[in-house]
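In UniProt numbering, the protein residues as written are 1 to 1048.
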């Protein structure tokens, strides 16, 4: 992005800041606001924005009053009014609203009118004044008497009518038309009506002169001609004859002056075509040309121009001395300002760098040559000169680069690239040579003009930079020996002529040397020949340098001035311009660029909560709030609003659901009560039958017992003592005669780690309830080993006399849910507290998502709560949620916790838990995590054998060893149930012990349902028996026939 675009973007921002009240308009920034208006792309849209915004109209009104000096009126004020008046077709009185605000109250308007009467306004300002006065006189529905009074002053209307600008004179005649209408009591005709176009256009056609005036012929406004629809309107029958007569007269005059107007447009180059006849003042005939002696041509008049209006005298002196001695300089060529930053307005940079040959191109004017010419040194110098002149404030449209050779033109274009524009003739020559694609000629015409001397005839530019190209030991200059070509080269510049070439080659040329000797004699006489490009610092005129090498531009004048620091204060009036010395103004009448240059001095500061770093440039001002904090707060607020709306939606749906359910529940209750009555009757009958059967069963048991007693008595009498002793090992009968299940001990799963711990207890005499509980847990062999290693490390440190409170004991637990991570974390904290590695017994549980939601403040609160009781452990489950891609606050919390892990060593232990895969990404967040969390426990999924043992333990604990299992707790059906459960092992989220608990709850549910059904059916049931159906579900062959979907 170039500097111009950056400035436009900054002005656009200032425009919208003022309109929306973010920047208060003051005299110091009023100029920037007015400049921002002028850079808006669409005047109509800009005017609409100014009117529609509450600060728009008042801001323009105040900005136009802050400065009423003549430079302001001729400069920025004229530019603003000219820009606004381009939106003249905007309807609804929108533009008039803005213009009235500017001129009423009349501070600005009176100052502008006063300077106009003095004759102090520039030509552009006069035109803007005339347009504005004309529009104010035409305001509908408003009192315009004050403007008519001003327009009627001879010093105003006569000055407008006598203006040298055609457009101003046309506006003046329209103003006179309005004044005359008001004076006669009539209403002025609207746009398109008769009268007021020029000095020979009146409402009454009888006042129109037959012979046209100069202004009438020059006028581009369409004449007043009534269409047929108006002439034939039935409502205009009374005036039809007068209307036809008026219309006929006007049409006949248009037929008469049409050819004169067209001929003048052709002569002025405004319209293509051939001249019917042409008379131009200032030309005189010097001879009749019939061609050279060896080649005659059709005769033609040779004319000379006696007065020139283009070149400043320093340049026209060459033409006068070499070609036209009688040439006279017009007064408008005198006293022009010097070219900024250059020691002379005419410069010849003399060098001896050799030329190159370009074999791909030939020049049409050099018929003897088989190739074109290039000069790399001259190309590089021309590019630097162009850049330097742009630094002085000259624009691309103010300059042209000329060269005699297409080869040099091609090289210049390749070097300047998109900054170069070719004319059609040169582009066509390069296309024929295959060096320019046809599409390239369609590029936007932006950039500096490049042209060959031959193809630039008839054109002119403020500054001409010419590369003569030729530099060779043979002193050959080719077609540059032509005096006509030299004349064209020297006569294209208005204000500055800069040539670069090898004078030795041109002076010693066999053909044309005399011509160039005369030219160089004039250059030396005027002291225009330099060994390099002679620059000077506009701010320090005594600092002058002659640039001989391309690199010296960057060394001697990096920013368009000298090598001294700029030192000027920028718009902020605090910081100095960081550049080297450079021009203060882009043009003599322009303001100091530092007044509008935004200061980009960087500032940084912590946000109010001390988390983020706020950065801003000086011109932006310190942000009122931290943008990151604002975004986080906005995101949280937005989420809270979404949650509230979602909850309201859920509440409404729940309310609707509750009402519907109440209605259905009432209907269902009525039906259920009817069904209950039937069922109660049936249950009573079944209960009676059940009781009767139980009575019979009891009687039978009594009989069986009696029979058994008698049989036992007989056996006791008959058997020996040894036989009786053998019978003591048999199971004892219960009260009801059935065998009674003995209370089985809790099953113990083999564990090498537990054996190792038991050995330490026996040999070393150590005791620790927390480790005992860990060792009693099923499986987790690696976890138990790691716990013992941690204990061993701590024991070694105690024996070595090393303080434990300096050791990092933070821990990460990895594994699926249900593997005992929370239990082990709590026991690990109890273990550390029991051996005095932690000063307190706090054990606070939280999650990564909760910490992420509560932020750093919530994390600080948890740490403070733990420290209140002296210290302890903080357990963070699913810690990986702190580094979610969609929540930046979690990462801030984690960074905070990392610091606290280091600060609270010996006081707090942080225990993190989560799945393996997610925790791997978690540890990648910060390289310091592994060093702050040195210990890791890997919780493997329980094996089928471990799950079976845990199921046995569940059954044993719940029923105290009384529950019987079909085929045994280690039998086929229990193993099938565990096998099904174990299918999820190894997958993320496998439930382990939680899944086993859920499965055991389902088994109990199926048993309860089966027992209840059997009891209702009057069957005898055993409450302490788990059948295969309870363990693995019903037999599909028994269920499917009763399934309605299956039957369907």
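Even glycine gets a Cβ: it sits at the ideal position worked out from N, Cα and C.
| task | Would you identify the three-state DSSP class for residue 872, choosing helix, strand or coil? | result | strand
Item checked: Three-state secondary structure (DSSP) of residue 822 -> helix
| request: Helix, strand or coil for residue 731, going by three-state DSSP, please let me know. | output: Note that residue 731 scores 36 on pLDDT, short of 50, meaning its location in the model is unreliable and no value can be drawn from it.
Span of the alpha helix (DSSP H), counted from its first residue to its last, around residue 382: 376-391
Original post:
Is the region 115-133 close to the region 70-83, with three or more CB pairs under 8 Å?
Top reply: yes
Exercise for the section: Take residue 102 and list the residues in its own chain whose beta-carbon comes closer than 7 Å to its own, dropping the five residues that flank it on each side. Expected result: 60, 61, 64 and 108
Q) With burial defined as no fewer than 16 other Cβ atoms inside 10 Å of the residue's Cβ, what is the status of residue 644: buried or exposed? A) exposed
| message | If you reduce the DSSP assignment to three classes, tell me which class residue 500 lands in. | response | strand
Touch test, the region 460-469 against the region 481-501, Cβ-Cβ under 8 Å, three pairs minimum = yes
- Task: Give the single residue among 35, 13, 46 and 8 whose Cα lies nearest to the Cα of residue 590.
- Result: 35
Could you give the C-beta distance for residue 779 and residue 935, rounded to a whole number, given that I count them as a contact under 8 Å? Actually they are not in contact, since the Cβ atoms of residue 779 and residue 935 sit about 20 Å apart, beyond 8 Å.
field: Endpoints, the beta strand (DSSP E) within which residue 815 is located
entry: 811-815
Minimum C-alpha distance to residue 156 - residue among 116, 193 and 167
116
(message) Between the alpha carbons of residue 132 and residue 172, how many angstroms are there, rounded?
(response) 11 Å
Using DSSP bridges, identify the partner residues of residue 534.
546
Next item on the list: Go through its chain and collect everything with a Cβ distance to residue 43's Cβ below 8 Å, but skip five positions before and after it.
Entry: 83, 84, 86 and 87
| said: For residue 690 and residue 1019, what's the separation of their Cα atoms in angstroms? | reply: 8 Å
Practice item. Note the first and the last residue of the continuous alpha helix (DSSP H) segment covering residue 662. Key: 627-718
Quick check on the DSSP output: the beta strand (DSSP E) that includes residue 448 runs from which residue to which?
448-452
**Item:** Limits of the beta strand (DSSP E) - the one that residue 83 falls within
**Value:** Looking at the DSSP string, residue 83 is not in any beta strand (DSSP E); the run it does join, the alpha helix (DSSP H), is 78-85.
Notebook entry, point to check: Going by Cα to Cα distance, which pick from 404, 395, 1009 and 140 is closest to residue 374?
Noted result: 404
Original post:
By Cβ distance below 6 Å, which residues in the same chain neighbour residue 496 in space, the five residues on each side in sequence not counted?
Top reply: 339, 345 and 463
Under 8 Å, with one C-beta from each stretch per pair, do the region 176-192 and the region 146-153 reach the 3-pair mark? yes
For the alpha helix (DSSP H) that residue 999 lies in, which residues bound it at each end? 993-1016
Which runs of the alpha helix (DSSP H) fall wholly inside the region 185-227 and span at least 4 residues, in chain order?
214-218
* Asked: Quick one: any contact between the region 646-655 and the region 586-602, if contact means 3 or more CB pairs under 8 Å?
  -> no
Among 585, 257 and 471, whose alpha-carbon lies nearest the alpha-carbon of residue 356? 471
Discussion item. Quick check on the DSSP output: the alpha helix (DSSP H) that includes residue 159 runs from which residue to which?
Written reply: 154-161
On the criterion of 16 or more Cβ atoms from any shown chain inside 10 Å, does residue 1024 qualify as buried, or is it exposed? exposed
| said: Is it buried or exposed, residue 195, if we count other Cβ atoms within 10 angstroms and call 16 or more buried? | reply: buried
In or out: residue 142 buried (at least 16 other Cβ within 10 Å) or exposed? exposed
Open item on the list: Between the alpha carbons of residue 81 and residue 381, how many angstroms are there, rounded?
Closed with: 41 Å
Report task. Please classify residue 128: does DSSP put it in a helix, a strand, or coil? Result -> helix
Count the C-beta pairs between the region 902-911 and the region 863-881 that are closer than 8 Å, then say yes if the count reaches three, no if not. yes
I'd like to confirm the pairing. Which residues does DSSP put opposite residue 616 in its beta bridges? 603
**Asked** Roughly how many angstroms lie between the CA atoms of residue 889 and residue 881, to the nearest whole one?
**Response** 11 Å
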